[in-house]
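Asker:
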Ligand SMILES: Cc1cc2nc3c(=O)[nH]c(=O)nc-3n(C[C@H](O)[C@H](O)[C@H](O)COP(=O)(O)OP(=O)(O)OC[C@H]3O[C@@H](n4cnc5c(N)ncnc54)[C@H](O)[C@@H]3O)c2cc1C
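In the numbering used here, the protein residues as written are -8 to 576.
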């Protein structure tokens, strides 16, 4: 298994040199926050990720989860690591201080989250959904519910889950049929079956807060008739102590391709007692608070796995001796040279690194706008909202698609050894694959980008994002690079404007290509910006390799944007001309 080492040098560059985080915190009045604190938290986060959960990644995959007398048993060591995690306050990083949260900026929390994903995605998933539960409760729950549940979910004393999916209702939540019947005391009786529920049960905490979508009697059909309910695993007494077990049970644990250390559960709700969160029939909007957070976080899962795979591949490429290098013998004392001297192996490593570090730059820019959204108000906050809305599907889909490519290269660099389990490289491919599917498949992210975010906002969200990238381009000091950045941004603007005129069928056919075009283009601008900063970076050895990685991105990967652009402009007809009989005739 590759030994994970958190990319602290890269984070320090992004925070200090590139984002100039001290000025950012001052500008948004993030009291008490500075780069020293940020880097100290990241150092401690790295220690936890490297030392506590990375060592459990492979054993968790081998052991998996079991159902014992109706209760989930997670892999050895997972519960103990969780208890260390919450004891050290990691779960509370982003929580509301009124409920004992630490209220840290996203620019500090997001790098820690990436590290947790690299170290052990199965383990991380439960904490990720707990944080999303915190957000949904903070924004939508009544004061009475907050007083009972919020502090415990923020601290991690209890975990949270997200219950949308049913056997016949996945992408299309309008089809969901779980019922919520009002009880006399103001609570509801929840009945139905949910599938694929991450951490539907675990042996880490003595209670679990399930957020469940269900329908009230006589609710309108479709998504306008869905409400959100909080359903505790154990009832909670007025004094906060636990009461009787609620009528919610685990039917089974799914057997799956990857993330085997994460219990994915079939959940049965049988007149379980639940409490309304938000307004009746407005549940989907409340759930979207949770889902938008989770969508970006799933993108970070891809980013974390890509980093882990790159590190594993690099270590192996430096050690593995095969063949002589075409540029001449590199290790005369050996019978062969390390494979890192093969240009094709370096191409694979550069592809891994350029995609991973370009995506990390985008994730940290996203974090900056999450900070702005959190600490400012009025127009500035509304602008940040638009930027976040546009970039969320981009980060979710692009980071997870690229992680599948990057982790497959991880196997390829190892040759046959990559395909063998003991090295851990194939686990990374299996673990990251789900991230392209859950929290809305990447096809749905693309539809969200081109539909809700581009055309339905009449270009407003794209324009807000364009303004941000124009500022970034304006700050590039090398004239040719600045010109290239502006040309990329003009092209993106024009392509987006043209799509505002296209019909829905056309947009649906080219949505994935548009998302990929946008991703490669925006990350291209970010590489141009980083290339401008790197010559002034104190750590010269790091800057030297990163500059070459950026140049590789611009020459070898950015051209992919043009293929996607061509498909956006010319590809819809070829898709939409097909009929069912063309496939099965
Ligand atoms: C390991 C795991 C963990 C999960 N965790 C959770 C969880 O915690 N909570 C939860 O509620 N769910 C969870 N899910 C469910 C997950 O979110 C769904 O599987 C996912 O949303 C897709 O739904 P589906 O599987 O029913 O596929 P379908 O909706 O049947 O989709 C099948 C294919 O059709 C495409 N498609 C469908 N409709 C459209 C459309 N309108 N436009 C374009 N393409 C379309 C999809 O993109 C996909 O390629 C989990 C799933 C897994 C496997």
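Glycine is no exception: its CB is placed at the ideal position from the N, C-alpha and C atoms. A quick note: this is a predicted structure, and the numbers were derived from the prediction, not measured.
Is residue 247 near ligand 1 - that is, is its Cβ less than 7 Å away from at least one heavy atom of it?
Answerer: Taking the first residue of the chain shown as position 1, residue 247 is located at position 256. Residue 247: yes, Cβ under 7 Å from ligand 1.
Asker: Quick one: Cα of residue 326 to Cα of residue 332, how far?
Answerer: As a working mapping, residue 326 is identified with position 335 in the chain shown. As a working mapping, residue 332 is identified with position 341 in the chain shown. Answer to the nearest angstrom: the Cα atoms are 14 Å apart.
Asker: Any heavy atom of ligand 1 closer than 7 Å to the CB of residue 154?
Answerer: Locating residue 154 in the chain shown gives position 163, counting from the first residue. The answer is yes for residue 154.
Asker: Does ligand 1 have even one heavy atom less than 7 Å from the beta-carbon of residue 392?
Answerer: In the chain shown, the residue the question calls residue 392 occupies position 401. The answer is no for residue 392.
Asker: Between which residues of its own chain and residue 159 is the CB-CB distance below 6 Å, once the five residues before and five after are set aside?
Answerer: In the chain shown, the residue the question calls residue 159 occupies position 168. Result list for residue 159: 166, in chain order.
Asker: Since residue 513 and residue 353 are thought to touch, with beta carbons under 8 Å apart, how far apart are those beta carbons, to the nearest angstrom?
Answerer: In the chain shown, counting from the first residue as 1, residue 513 sits at position 522. In the chain shown, counting from the first residue as 1, residue 353 sits at position 362. 7 Å between Cβ atoms; contact.
Asker: Taking one C-beta from the stretch 124 to 138 and one from the stretch 168 to 182 each time, how about it: are there three or more such pairs within less than 8 Å?
Answerer: No contact exists between the stretch 124 to 138 and the stretch 168 to 182.
Asker: Spell out the partners DSSP gives residue 259 in its beta bridges.
Answerer: Walking along the chain shown from the start, residue 259 turns up at place 268. Per DSSP, 184 and 240.
Asker: Please identify the residue among 52, 67, -4 and 20 whose C-alpha is closest to the C-alpha of residue 42.
Answerer: Looking up residue 42 in the chain shown gives position 51. The candidate whose alpha carbon is nearest that of residue 42 is -4.
Asker: Leaving out five residues on either side along the sequence, give the residues of the same chain with a beta carbon under 6 Å from the beta carbon of residue 258.
Answerer: By one-based count along the chain shown, residue 258 stands at place 267. Contacts found: 185, 188 and 191.
Asker: Is DSSP giving residue 435 helix, strand or coil here?
Answerer: By 1-based counting over the chain shown, the position of residue 435 is 444. Looking at residue 435 - three-state DSSP - the assignment turns out to be helix.
Asker: Is there contact between the stretch 375 to 389 and the stretch 283 to 290, where contact requires at least three CB pairs shorter than 8 Å?
Answerer: The stretch 375 to 389 is in contact with the stretch 283 to 290.
Asker: Where in the stretch 196 to 232 do unbroken runs of the beta strand (DSSP E), each at least 3 residues long, occur, reported from the N-terminal end onward?
Answerer: The qualifying runs are 199 to 205, 218 to 223 and 225 to 227.
Asker: List the endpoints of the continuous beta strand (DSSP E) containing residue 153.
Answerer: Position 162 of the chain shown, counting from 1, holds the residue named residue 153. Start and end: 150 to 154.
Asker: State yes or no: is the C-beta of residue 256 within less than 8 Å of the C-beta of residue 219?
Answerer: The residue given as residue 256 occupies position 265 in the chain shown. The residue given as residue 219 occupies position 228 in the chain shown. Contact: no.
Asker: Using 8 Å as the Cβ pair cut-off and three pairs as the minimum, do the stretch 530 to 542 and the stretch 417 to 433 touch?
Answerer: Short answer: they don't touch.
Asker: With a threshold of 7 Å (Cβ to nearest heavy atom), would residue 430 be considered close to ligand 1?
Answerer: Indexing the chain shown from 1 puts residue 430 at position 439. Yes, the beta carbon of residue 430 sits closer than 7 Å to at least one heavy atom of ligand 1.
Asker: Give the range of the alpha helix (DSSP H) segment to which residue 1 is assigned.
Answerer: To locate residue 1, count along the chain shown from 1; it is residue 10. First-last of the alpha helix (DSSP H) with residue 1: -1 to 3.
Asker: If you count every other CB in all the chains shown that lies within 10 Å of the CB of residue 228, and 16 or more means buried, which is it?
Answerer: As a position in the chain shown, residue 228 is number 237, starting the count at 1. Classification of residue 228: exposed, given that the 10 Å Cβ count is below 16.
Asker: Just the C-alpha distance for residue 236 and residue 242, rounded to the nearest angstrom, thanks.
Answerer: Translated into the one-based positions of the chain shown, residue 236 becomes position 245. Translated into the one-based positions of the chain shown, residue 242 becomes position 251. Each residue's Cα considered, the two are about 16 Å apart.
Asker: Can you give me the Cβ contacts of residue 330 inside the same chain, cut-off strictly under 6 Å, excluding the 5 residues immediately before and after it?
Answerer: To locate residue 330, count along the chain shown from 1; it is residue 339. Same-chain partners within the cutoff: 308, 311, 313 and 336.
Asker: Just the C-alpha distance for residue 137 and residue 98, rounded to the nearest angstrom, thanks.
Answerer: Taking the first residue of the chain shown as position 1, residue 137 is located at position 146. Taking the first residue of the chain shown as position 1, residue 98 is located at position 107. Roughly 26 Å between the two C-alpha positions.
Asker: Restricting to Cα atoms, I'd like to know which of 489, 445 and 301 is closest to residue 377.
Answerer: Translated into the one-based positions of the chain shown, residue 377 becomes position 386. Measuring from the Cα of residue 377, the nearest candidate turns out to be 445.
Asker: Have a look at 328, 316, 134 and 435 and flag the residue whose alpha-carbon is nearest the alpha-carbon of residue 282.
Answerer: To locate residue 282, count along the chain shown from 1; it is residue 291. Selected option, being the one with the closest Cα: 435.
Asker: Alpha carbon to alpha carbon, how far is residue 271 from residue 217?
Answerer: For the purposes of this step, residue 271 is taken as residue 280 along the chain shown, with counting starting at 1. For the purposes of this step, residue 217 is taken as residue 226 along the chain shown, with counting starting at 1. Looking at the two C-alpha atoms, the distance is approximately 8 Å.
Asker: Our contact map puts residue 343 next to residue 400 with C-beta atoms below 8 Å; I'd like the distance itself, whole angstroms only.
Answerer: Translated into the one-based positions of the chain shown, residue 343 becomes position 352. Translated into the one-based positions of the chain shown, residue 400 becomes position 409. Confirmed, about 5 Å.
Asker: Look at the alpha carbon of residue 88 and the alpha carbon of residue 95, and state the distance between them as a whole number of angstroms.
Answerer: Along the chain shown, one-based indexing puts residue 88 at 97. Along the chain shown, one-based indexing puts residue 95 at 104. Their Cα atoms are separated by approximately 10 Å.
Asker: Buried or exposed for residue 15, please, with buried defined as at least 16 other CB atoms from any protein chain shown within 10 angstroms of its CB.
Answerer: Position 24 of the chain shown holds residue 15. It counts as buried.
Asker: Drop a sphere of 10 angstroms on the beta-carbon of residue 1, count the other beta-carbons inside from all chains shown, and report buried for 16 or more, exposed for fewer.
Answerer: On the chain shown, residue 1 is found 10 positions in, with the first residue counted as 1. Counting Cβ neighbours within 10 Å, residue 1 comes out buried, since at least 16 surround it.
Asker: Pull the bridge partners of residue 57 from the DSSP assignment, please.
Answerer: Position 66 of the chain shown, counted from the start, is the residue given in the question as residue 57. 64, per the DSSP bridge assignment.
Asker: Give every residue of the same chain whose Cβ lies closer than 6 Å to the Cβ of residue 534, excluding the five residues on either side of it in the sequence, and list them in chain order.
Answerer: Looking up residue 534 in the chain shown gives position 543. So the list reads 525 and 528, once near-sequence residues are dropped.
Asker: Alpha carbon to alpha carbon, how far is residue 79 from residue 379?
Answerer: As a first step, residue 79 is located in the chain shown; it is residue number 88 there, counting from the start. As a first step, residue 379 is located in the chain shown; it is residue number 388 there, counting from the start. Taking the straight line joining both Cα atoms gives about 30 Å.
Asker: I'd like to know whether the C-beta of residue 499 is nearer than 8 Å to at least one C-beta of chain B.
Answerer: Although the question refers to chain B, the structure presented lacks it and comprises just one protein chain.
Asker: Quick one: grab the DSSP three-state call for residue 251.
Answerer: Looking up residue 251 in the chain shown gives position 260. Residue 251 falls in the coil class under three-state DSSP.
Asker: What separation, rounded to the nearest whole angstrom, lies between the Cα atoms of residue 373 and residue 102?
Answerer: As a working mapping, residue 373 is identified with position 382 in the chain shown. As a working mapping, residue 102 is identified with position 111 in the chain shown. Their backbone Cα atoms lie some 24 Å apart in a straight line.
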